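**Student:** Please find one structure pasted underneath; my questions will follow.
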Amino acid sequence: MSMQETLDLVKKALSSPADDTIQKAITVATGLTAYDLQAPAKNLYPVATPIRNALPRIGGGTGPATNWKVVSALLGSGFSGMGWVPEGQRSANMSYTTSAKAASYVTLGEEDYVTREAMNAGKGFEDVKARMVLRLLQGMMLKEENALLFGNASVNLGTCPTATLSASGSGATLPALTYSVICVPLTYEGIQQQSIAAGLVQTKTITGMDGLTFTLNGGVGQASASATQAITLGQILTASVAPVRGAAGYAWFAGAVGAERLQTITNVATVTFSAPLNATNQLASALTAADYSANPNLAFDGLASAALNSTSGAIWQPLTNGALLTTGGRGNVNEIDNLLLAMFNATQVSPSVLYVNAQQAKDIASRVLNGSSAPLLRYTNDDQGFAIVANGVIKSYFNPFALNGGREIPIKIHPKMPAGTILGYAEDLPAQYQSSEVPNVAAVKTRADYYELDWPMRTRREEVGVYAEEVLAVYAPFAIGVINNITAG
Amino acid sequence: MLIYHADATGCSFDGVNYTPDATGAFDVPQEALEALQCMGFTTQAPIAEADAVPVVALTGNPAKWTNDVLASEATRLGLDATLARPALIKAVAEARKAEADAACVEAEAE
Chain Y
1 MSMQETLDLV
11 KKALSSPADD
21 TIQKAITVAT
31 GLTAYDLQAP
41 AKNLYPVATP
51 IRNALPRIGG
61 GTGPATNWKV
71 VSALLGSGFS
81 GMGWVPEGQR
91 SANMSYTTSA
101 KAASYVTLGE
111 EDYVTREAMN
121 AGKGFEDVKA
131 RMVLRLLQGM
141 MLKEENALLF
151 GNASVNLGTC
161 PTATLSASGS
171 GATLPALTYS
181 VICVPLTYEG
191 IQQQSIAAGL
201 VQTKTITGMD
211 GLTFTLNGGV
221 GQASASATQA
231 ITLGQILTAS
241 VAPVRGAAGY
251 AWFAGAVGAE
261 RLQTITNVAT
271 VTFSAPLNAT
281 NQLASALTAA
291 DYSANPNLAF
301 DGLASAALNS
311 TSGAIWQPLT
321 NGALLTTGGR
331 GNVNEIDNLL
341 LAMFNATQVS
351 PSVLYVNAQQ
361 AKDIASRVLN
371 GSSAPLLRYT
381 NDDQGFAIVA
391 NGVIKSYFNP
401 FALNGGREIP
411 IKIHPKMPAG
421 TILGYAEDLP
431 AQYQSSEVPN
441 VAAVKTRADY
451 YELDWPMRTR
461 REEVGVYAEE
471 VLAVYAPFAI
481 GVINNITAG
Chain X
1001 MLIYHADATG
1011 CSFDGVNYTP
1021 DATGAFDVPQ
1031 EALEALQCMG
1041 FTTQAPIAEA
1051 DAVPVVALTG
1061 NPAKWTNDVL
1071 ASEATRLGLD
1081 ATLARPALIK
1091 AVAEARKAEA
1101 DAACVEAEAE
């Protein structure tokens, strides 16, 4: 090609419309960009373990259980309360009430693994294994928090009482039918594990990382007998059972006779049905007729179970079905007063902390900061106008029933406390329990505190377990009091 | 025992169903009372509208009331309605004031 021909081709190319490919630019959308990844991964989950944090941990445990002896009463000779003795004579002997106590050590644990590929792929981002172990420990502590509050080795809910039903009211859309209602009580541990969508899981067989299996009960009591009630269109079906000691919730199955399905789970022992019922949830007939409340050989009793065991001596005050907390009109809550009074009368003990659900924290504030108690409040302002902060919280409650002038008790929200429950817990015994040798009402006694096991390599993944062998030793279960079955509002 | 409800047509306790009789009463065992009270049942028969006595609010000065109204109010307040009118007016006025004060105290307490 001659020089002239080349020049002609260049002129022609420059004078013709431009080709798209040549004109296209590189933009951000092209993807030739750096990746600004903030390391490490952000762990956005709460790890609230106030009970675990507050309870003392005492090591040195050995053997299958920790044991202690209790002297629970002194019985004076003669007339127990009269010490009169004639001149020159001797009194008779006093006597004691004693008992032997034991709490078996159990094992809590959680495991996880990371593959070699994941470790290598995470280099420069985060130490995948170290962060996994951190999360493992946090997960384990969350499980331990549940155990320390709600672990259940001894509280068997038994068969739920048969529901009481009524047909009344108007304006409902529940179709006319003779409805059957079955109620299943759930423990404090159980209510957190159960859901309407999945249905009640009475037991779960878990395959461990060693390939062996074990079975846990799901905190589900035995279903009640069926109760029936005819409803005409427009009426509301109301059901209730007598509150069950140890139950934090109730699962309600309702439907035609023989076709009762799980409709709802409540924190109180009563429910109303005013709309057409669910027709696809779990059938009551799918439940095994047995009590799966407790795990007697695998668990220890947490604070709530230690109190709600019928032999504990602790005060349990369920409210009447449908009852709200009420005010006494002097900045107090009657039901809390009743609990504190009953605890003092029974054992001269005052809680040092009240653990509540957020709902009850709201309700307590509503009862205390209502119209009749408003005169108890005062706000001050200067003459420059004012800016008032709305709302308030009751952060502690004064217990007048204690020696030497009463005691201020902090009210603390616990995120795992089921709605409808207030748990009062005396972390220490009052001064009149002289020489009690119980510096803490409850303590975590450990045989082997948290330990990490890095399992030998058996595949191309690194397996890790975090375990603890411990038991919650509750030396004075009577120093715990529970109000439950509180309707929200 | 007999219990009543404003509009319930049936109830069930301990697996046994109960329906109202002609007077509207449910004959249930004593132990059912607490559970059913939580559902609005009461031991008092509701007063039928036809039998209800219209409530007339008495306001103002008792001195302006007729003798019949004054005697009726005195009886309600537990006073001796045979007192002479001036004494009765004074007694009724004082009793009504005490009653109103007590109602205010209760309302504040609630």
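For the protein sequence lines, the chains are Y and X, in the order given. The opening position of the first sequence corresponds to residue 1 in my numbering, with each subsequent residue numbered one higher. The opening position of the second sequence corresponds to residue 1001 in my numbering, with each subsequent residue numbered one higher. Glycine included, every Cβ here is placed at the ideal spot set by N, Cα and C. A quick note: this is a predicted structure, and the numbers were derived from the prediction, not measured.
Give me the subset of the region 1026-1044 of chain X whose CB atoms are less than 9 Å from a CB atom of chain Y, sorted by chain position.
**Tutor:** Taking 9 Å as the upper bound on Cβ-Cβ separation, chain Y lies near residues 1032, 1034, 1035, 1036, 1037, 1038, 1039, 1040, 1041 of the region 1026-1044 of chain X.
**Student:** In chain order, what are the residue ranges of uninterrupted alpha helix (DSSP H) at least 4 long that sit wholly in the region 296-336 of chain Y?
**Tutor:** Runs of the alpha helix (DSSP H) spanning 4 or more residues and lying entirely within the region 296-336 of chain Y occur at 303-308, in chain order.
**Student:** Within this structure, are the beta carbons of residue 296 of chain Y and residue 269 of chain Y separated by less than 7 Å?
**Tutor:** Working through the first sequence from its first residue, we reach residue 296 of chain Y at position 296. Working through the first sequence from its first residue, we reach residue 269 of chain Y at position 269. The answer is no: Cβ separation not under 7 Å.
**Student:** Roughly how far, in whole angstroms, is the beta-carbon of residue 326 of chain Y from the beta-carbon of residue 335 of chain Y, given that I think they are within contact range, below 8 Å?
**Tutor:** In the first sequence, residue 326 of chain Y corresponds to position 326, counting from 1. In the first sequence, residue 335 of chain Y corresponds to position 335, counting from 1. 7 Å between Cβ atoms; contact.
**Student:** For a quick check, are the C-beta atoms of residue 364 of chain Y and residue 343 of chain Y less than 7 Å apart?
**Tutor:** Locating residue 364 of chain Y in the first sequence gives position 364, counting from the first residue. Locating residue 343 of chain Y in the first sequence gives position 343, counting from the first residue. No. Outside cutoff.
**Student:** Suppose only complete runs of 3+ residues qualify. What are the beta strand (DSSP E) ranges in the region 44-81 of chain Y, listed by chain order?
**Tutor:** 65-75
**Student:** Apart from the five residues just before and just after residue 453 of chain Y, which ones in its own chain have a Cβ nearer than 6 Å to its Cβ?
**Tutor:** Taking the first sequence and counting its residues from 1, one reaches residue 453 of chain Y at position 453. The residues are 465.
**Student:** So is residue 1023 of chain X in contact with chain Y if we call contact Cβ pairs under 7 Å?
**Tutor:** Indexing the second sequence from 1 puts residue 1023 of chain X at position 23. Not closer than 7 Å to any Cβ of chain Y, the Cβ of residue 1023 of chain X fails to qualify, so no.
**Student:** Answer yes or no: do residue 267 of chain Y and residue 361 of chain Y have a C-beta to C-beta separation smaller than 7 Å?
**Tutor:** Taking the first residue of the first sequence as 1, we reach residue 267 of chain Y at position 267. Taking the first residue of the first sequence as 1, we reach residue 361 of chain Y at position 361. Cβ distance not < 7 Å, so residue 267 of chain Y and residue 361 of chain Y don't count as in contact.
**Student:** For the 8 Å Cβ check, are there 3 or more pairs between the region 183-190 of chain Y and the region 249-264 of chain Y?
**Tutor:** yes
**Student:** Looking only at its chain, what residues have a beta carbon closer than 8 Å to the beta carbon of residue 199 of chain Y, apart from the 5 residues adjacent to it on each side?
**Tutor:** To locate residue 199 of chain Y, count along the first sequence from 1; it is residue 199. Closer than 8 Å at the Cβ level, and outside the excluded window around residue 199 of chain Y, lie 262, 281, 282, 286.
**Student:** Select from the region 337-365 of chain Y all residues with a C-beta closer than 9 Å to any C-beta belonging to chain X, and list them in chain order.
**Tutor:** With the criterion set as a beta carbon lying under 9 Å from some beta carbon of chain X, the region 337-365 of chain Y has no members that meet it.
**Student:** Let's test the definition: count the other Cβ atoms within 10 Å of the Cβ of residue 277 of chain Y and tell me whether it reaches 16, buried, or not, exposed.
**Tutor:** Working through the first sequence from its first residue, we reach residue 277 of chain Y at position 277. By the neighbour-count rule (16 or more Cβ atoms within 10 Å), residue 277 of chain Y is buried.
**Student:** State the CB to CB distance for the pair residue 225 of chain Y and residue 162 of chain Y, rounded to an integer number of angstroms; the pair is presumed to be in contact (CB under 8 Å).
**Tutor:** Residue mapping note: residue 225 of chain Y aligns to position 225 of the first sequence, counting from 1. Residue mapping note: residue 162 of chain Y aligns to position 162 of the first sequence, counting from 1. So it is a contact: roughly 5 Å between Cβ atoms.
**Student:** Check whether chain Y comes within 7 Å of residue 1015 of chain X, counting only Cβ atoms and requiring the distance to be less than that.
**Tutor:** Here residue 1015 of chain X refers to the residue found at position 15 of the second sequence. Yes - at least one Cβ of chain Y is within 7 Å of the one on residue 1015 of chain X.
**Student:** Any idea what DSSP makes of residue 464 of chain Y, helix, strand or coil?
**Tutor:** Numbered from its first residue, the first sequence carries residue 464 of chain Y at position 464. When secondary structure is reduced to three states using DSSP, residue 464 of chain Y falls in the strand class.
**Student:** Would you kindly report the start and end of the unbroken alpha helix (DSSP H) that includes residue 1007 of chain X?
**Tutor:** Taking the first residue of the second sequence as 1, we reach residue 1007 of chain X at position 7. No alpha helix (DSSP H) contains residue 1007 of chain X, which DSSP labels as neither H nor E.
**Student:** Comparing alpha-carbon positions, which option in Y:111, Y:478, Y:294 lies nearest residue 191 of chain Y?
**Tutor:** Within the first sequence, numbered from 1, the residue matching residue 191 of chain Y stands at position 191. Of Y:111, Y:478, Y:294, the residue nearest in Cα terms is Y:294.
**Student:** Taking all protein chains shown into account, do 16 or more other C-beta atoms lie within 10 angstroms of the C-beta of residue 127 of chain Y, making it buried, or fewer, making it exposed?
**Tutor:** Residue 127 of chain Y sits at position 127 when you count from the first residue of the first sequence. Classification of residue 127 of chain Y: exposed, given that the 10 Å Cβ count is below 16.
**Student:** Does the Cβ of residue 229 of chain Y have 16 or more other Cβ atoms within 10 Å, making it buried, or fewer, making it exposed?
**Tutor:** For the purposes of this step, residue 229 of chain Y is taken as residue 229 along the first sequence, with counting starting at 1. It is buried - the Cβ of residue 229 of chain Y has at least 16 other Cβ atoms within 10 Å.
**Student:** Tell me the start and end of each unbroken beta strand (DSSP E) in the region 393-424 of chain Y that is at least 3 residues and wholly inside, in chain order.
**Tutor:** 396-399, 407-413
**Student:** Which word fits residue 1097 of chain X, buried or exposed, when buried means at least 16 other C-beta atoms lie within 10 angstroms of its C-beta?
**Tutor:** In the second sequence, residue 1097 of chain X corresponds to position 97, counting from 1. By the neighbour-count rule (16 or more Cβ atoms within 10 Å), residue 1097 of chain X is not buried but exposed.
**Student:** List the whole-angstrom C-beta distance separating residue 443 of chain Y from residue 51 of chain Y, where the pair is believed to meet the contact cut-off of C-beta under 8 Å.
**Tutor:** Position 443 of the first sequence, counted from the start, is the residue given in the question as residue 443 of chain Y. Position 51 of the first sequence, counted from the start, is the residue given in the question as residue 51 of chain Y. Between residue 51 of chain Y and residue 443 of chain Y the Cβ distance is about 12 Å, and since that is not below 8 Å, they are no contact.
**Student:** So residue 137 of chain Y is in the beta strand (DSSP E); what residue range does that whole segment cover?
**Tutor:** If you number the first sequence from 1, residue 137 of chain Y lands on position 137. Not the beta strand (DSSP E): residue 137 of chain Y falls in the alpha helix (DSSP H), residues 128-150.
**Student:** Considering residue 112 of chain Y, what are the terminal residues of the beta strand (DSSP E) in which it resides?
**Tutor:** Taking the first sequence and counting its residues from 1, the one referred to as residue 112 of chain Y is at position 112. According to the DSSP assignment, residue 112 of chain Y belongs to the beta strand (DSSP E) that extends over 106-115.
**Student:** Would you please verify whether the beta carbon of residue 289 of chain Y is less than 7 Å from any beta carbon of chain X?
**Tutor:** Reading the first sequence from its first residue, position 289 is the one you call residue 289 of chain Y. No, residue 289 of chain Y lies away from the interface with chain X (no Cβ there is under 7 Å from its Cβ).
**Student:** Quick one: using the 10 Å Cβ neighbour count with 16 as the cut-off for buried, is residue 43 of chain Y buried or exposed?
**Tutor:** By 1-based counting over the first sequence, the position of residue 43 of chain Y is 43. It is exposed - the Cβ of residue 43 of chain Y has fewer than 16 other Cβ atoms within 10 Å.
**Student:** Identify whether residue 368 of chain Y lies in helix, strand or coil by the three-state DSSP scheme.
**Tutor:** Within the first sequence, the letter at position 368 stands for residue 368 of chain Y. It is helical.
**Student:** Using C-beta distances below 6 Å, list every residue in its chain close to residue 447 of chain Y, excluding the 5 sequence neighbours before and after it, in chain order.
**Tutor:** For the purposes of this step, residue 447 of chain Y is taken as residue 447 along the first sequence, with counting starting at 1. Within its own chain, the residues whose Cβ lies closer than 6 Å to the Cβ of residue 447 of chain Y, once the five positions on either side in sequence are excluded, are 61, 105, 469, listed in chain order.
**Student:** Going by the CB atoms, is the gap between residue 109 of chain Y and residue 467 of chain Y shorter than 7 Å?
**Tutor:** For the purposes of this step, residue 467 of chain Y is identified with residue 467 of the first sequence, where counting begins at 1. For the purposes of this step, residue 109 of chain Y is identified with residue 109 of the first sequence, where counting begins at 1. In contact: residue 467 of chain Y and residue 109 of chain Y (Cβ atoms closer than 7 Å).
**Student:** Between the region 135-144 of chain Y and the region 198-217 of chain Y, do at least 3 Cβ pairs fall closer than 8 Å?
**Tutor:** no
**Student:** Along chain X, in chain order, which residues have C-beta atoms closer than 8 Å to that of residue 235 of chain Y?
**Tutor:** As a first step, residue 235 of chain Y must be located in the first sequence, where it is residue number 235. By Cβ distance, chain X contributes 1009.
**Student:** Select from the region 155-175 of chain Y all residues with a C-beta closer than 9 Å to any C-beta belonging to chain X, and list them in chain order.
**Tutor:** 161, 162, 163, 164, 165, 166, 167, 168, 169, 170
**Student:** Is the beta carbon of residue 155 of chain Y closer than 7 Å to that of residue 308 of chain Y?
**Tutor:** In the first sequence, counting from the first residue as 1, residue 308 of chain Y sits at position 308. In the first sequence, counting from the first residue as 1, residue 155 of chain Y sits at position 155. Yes, they are a contact pair.
**Student:** What residue from Y:231, Y:211, Y:129 has the CA that sits closest to residue 176 of chain Y's CA?
**Tutor:** Taking the first residue of the first sequence as position 1, residue 176 of chain Y is located at position 176. Answer by Cα proximity: Y:231.
**Student:** Check whether the Cβ of residue 331 of chain Y lies closer than 7 Å to any Cβ atom in chain X.
**Tutor:** Reading the first sequence from its first residue, position 331 is the one you call residue 331 of chain Y. With 7 Å as the cut-off, residue 331 of chain Y does not count as an interface residue toward chain X.
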